[in-house]
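Worksheet for the structure shown next.
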Amino acid sequence: MLRLVFFFISLIHVVNSGGVQIVTCAVTVGAVQRPSIHAHRCTNRDDRVCNEIFKNGANNGEIAATLAAQANPQVNYLVSDLCENPTLRNLALRECSSHCAFCCKTKQFDCPNAAGAEGACQRLYNEDNLCSDQRLNDIALEDVTHMWTLR
């Protein structure tokens, strides 16, 4: 069975073209698309498996370009094209949510705001300077999970 899985993984890499602009869990920040929840806020089940299945490029240059785009808030966030592939999306969501920047779909973040907190959550969300304040971000995530976006 394991051999069959690795066989299919090897076939996938034939069509991997590298980084593409994030679509799932994306928000527009200025003129670029960035993750609604930072990728480091959730985890992969196995980093090695995620790095192998959802490679960020076919060669070192593509991988470096994708990682550079992820680190630069002034450009569109890039993920492996396979993360956004409809056939592999469920696997990416279940196993590689951090690698594919799908944190907004995890149980930790895909939940409603605390009861009675909707008004406060909306006010916090509308204040750009509050959303970008790292000190408030962790506090807000306790009650404002559904709307909170670190911009």
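With mature numbering (1 follows the signal peptide of the UniProt record, and there is no 0) applied, the sequence shown covers -17 to -1, 1 to 134. Every residue, glycine too, gets a C-beta built ideally from N, C-alpha and C.
Where residue i falls: helix, strand or coil (DSSP)
i	result
G2	strand
Q53	helix
N39	coil
A14	coil
V62	strand
A98	coil
For residue j and residue i, believed in contact at Cβ under 8 Å, the rounded distance
i	j	result
A75	A22	Their Cβ separation, rounded to whole angstroms, is 12 Å, which puts A75 and A22 out of contact at 8 Å.
S81	T26	5 Å
V3	L50	About 14 Å; that fails the 8 Å criterion.
E67	V6	5 Å
Residues bridged to residue i [DSSP beta-bridge criterion]
i	result
S80	None; S80 has no bridge partner.
Other residues of its chain near residue i: CB distance less than 8 Å, five sequence neighbours each side excluded
i	result
V32	E78 and C79
P69	none
Same chain, Cβ closer than 6 Å to residue i, neighbours up to 5 away in sequence not counted
i	result
K88	L76
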